[in-house]
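Here's the structure, in structure tokens; my notes come after.
Here is the structure:
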């Protein structure tokens with residue numbers, strides 16, 4: 629009896645020691661975490677000179693103004709049609725677009741000030757924000773088009789060009805000449 633108890637205690641002690649040793653090995657095997665690098669690289673970082681950024685900012689603002697005019701016309705047409713759903717949707721998009729345009733104007737002024745002061749970092753920052761606002765305006769314009777039911781998949785006329793490989797063999801299979809006739813299913817649970 630005493631011998632059995634000794635063997636049972638030995639097994640429990642061996643399993644516990646193995647568990648502790650295994651956990652210690654697992655912890656030693658993992659590498660310590662590397663601290664995060666303090667530098668942040670932006671995928672949108674502009675590669676333009678400061679004068680080019682200022683010119684691009686002006687063209688971005690002109691495009692935003694054109695988008696505002698288009699959506700305003702769509703809103704006027706929706707009001708004439710008395711389509712309340714389109715009017716509400718377009719009013720929402722137009723108000724968001726106006727706020728975006730106002731912010732873009734402020735960023736453009738900041739960019740112009742940075743160009744005058746020859747502060748390249750501030751100019752990059754202002755231009756990056758202006759680029760983000762340009763993307764937001766494009767998104768809002770697409771959403772405004774969806775308000776009136778216009779697909780945003782493509783702009784302009786589409787053209788399809790089909791090229792058939794001349795080395796393909798002819799299709800020798802025969803197709804049925806008559807249509808397939810379907811017989812309606814029989815009544816499974818008819819209730820009279």
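Residue numbers (the numbering used here): 629 to 820. Beta carbons: idealized from backbone N, C-alpha and C, even for Gly.
Helix, strand or coil for residue i per DSSP?
i: residue 769; result: helix
i: residue 724; result: helix
i: residue 675; result: coil
i: residue 760; result: helix
i: residue 799; result: coil
i: residue 717; result: helix
i: residue 791; result: coil
i: residue 710; result: coil
i: residue 746; result: coil
Using a Cβ-Cβ cutoff of less than 6 Å, which residues in the same chain neighbour residue i once the five nearest sequence positions on both sides are dropped?
i: residue 869; result: Nothing can be reported for residue 869: it is not among the residues displayed for the chain, which extend from 629 to 820.
Just to confirm my understanding: we take residue i, look at its own chain, exclude 5 residues before and 5 after, and list those with CB closer than 8 Å. What are they?
i: residue 686; result: 736
i: residue 718; result: 699, 702, 703, 706, 772, 775 and 776
i: residue 762; result: 688, 691, 692 and 732
i: residue 764; result: 728
Please determine, among the options, the residue with the shortest C-alpha to C-alpha distance to residue i.
i: residue 727; options: 787, 775, 683 and 768; result: 768
i: residue 766; options: 732, 796 and 675; result: 732
i: residue 694; options: 786, 803, 722 and 745; result: 722
Compute the beta-carbon to beta-carbon distance between residue i and residue j, rounded to the nearest angstrom, for a pair I have assumed lies under 8 Å.
i: residue 684; j: residue 696; result: With 8 Å as the limit, residue 684 and residue 696 do not qualify as a contact, their Cβ atoms being about 19 Å apart.
i: residue 682; j: residue 758; result: With 8 Å as the limit, residue 682 and residue 758 do not qualify as a contact, their Cβ atoms being about 10 Å apart.
Quick one: what's got a C-beta closer than 7 Å to residue i's C-beta in the same chain, skipping five residues either side?
i: residue 793; result: none
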